[in-house]
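K.L.:
In my numbering, the protein residues as written are 21 to 192.
Virtual Cβ for every residue (Gly too), placed ideally from N, Cα, C.
Below you can see the structure in the form of structure tokens.
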């Protein structure tokens, strides 16, 4: 798909407001076709369905002005190609195909909703190949972002302790 068309469509999505956002990541589903014992052990330890992780990050006015363009540009990097990218109002759907140098293949179907203070993204990923755990791995993840306030102000310069070293007056 033409990158210019993808970017033009991405630029129509609602841009987020600057501020502090909480991101919640959830593994919705996970399966392997033919896992060995080591693959099963790894999956039990690392791929627990329903487990959520959260983080917080600030979106600067400059980042907000760029909207979802940086994320969309990254989708087609490397060995990946965007094969479908549709936008209707605040909803986006995309398909990405990656044919990796190790002979494996990754297919991603994305559905997202973009708003000024909230966004959600669901990814359905299928990986196949000799080096893929279980030879075929399939998972669905959900990422939700919600604005929770203003970004905290950075500390004033005089509140940051000076680095200790041998360059001060006492070292002379």
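Please list, in chain order, all residues of the same chain as residue 81 whose beta carbon is under 6 angstroms from its beta carbon, the five residues on each side excluded.
P.N.:
Indexing the chain shown from 1 puts residue 81 at position 61. 38, listed in sequence order.
K.L.:
Less than 8 angstroms between C-beta atoms, sequence neighbours within five positions excluded: which residues of the same chain meet that for residue 138?
P.N.:
Along the chain shown, read from residue 1 onward, the residue named residue 138 stands at position 118. Excluding positions up to five away in sequence, the list reads 164, 165, 166, 167.
K.L.:
List the endpoints of the continuous beta strand (DSSP E) containing residue 119.
P.N.:
Locating residue 119 in the chain shown gives position 99, where the first residue counts as 1. 111 to 119 is the span of the beta strand (DSSP E), which, as asked, contains residue 119.
K.L.:
Mind checking residue 222: buried by the 16 CB within 10 Å criterion, or exposed?
P.N.:
Residue 222 lies beyond the stretch modelled for the chain, which goes from 21 to 192, so this question has no answer here.
K.L.:
Starting from residue 47, trace the beta strand (DSSP E) both ways and give me its first and last residue.
P.N.:
Stepping through the chain shown from its first residue, residue 47 is reached at position 27. Taken as a continuous stretch (DSSP letters only), the beta strand (DSSP E) holding residue 47 covers 39 to 52.
K.L.:
Tell me the rounded alpha-carbon separation between residue 98 and residue 127.
P.N.:
For the purposes of this step, residue 98 is taken as residue 78 along the chain shown, with counting starting at 1. For the purposes of this step, residue 127 is taken as residue 107 along the chain shown, with counting starting at 1. Annotation: residue 98 to residue 127 spans about 14 angstroms, alpha carbon to alpha carbon.
K.L.:
Just to confirm, is the Cβ distance from residue 130 to residue 120 under 9 angstroms?
P.N.:
As a first step, residue 130 must be located in the chain shown, where it is residue number 110. As a first step, residue 120 must be located in the chain shown, where it is residue number 100. Taking 9 angstroms as the Cβ cut-off, residue 130 and residue 120 do not qualify as a contacting pair.
K.L.:
DSSP state of residue 97, grouped into three classes?
P.N.:
The sequence position of residue 97 within the chain shown is 77, counting from 1. If DSSP states are grouped into helix, strand and coil, residue 97 belongs with coil.
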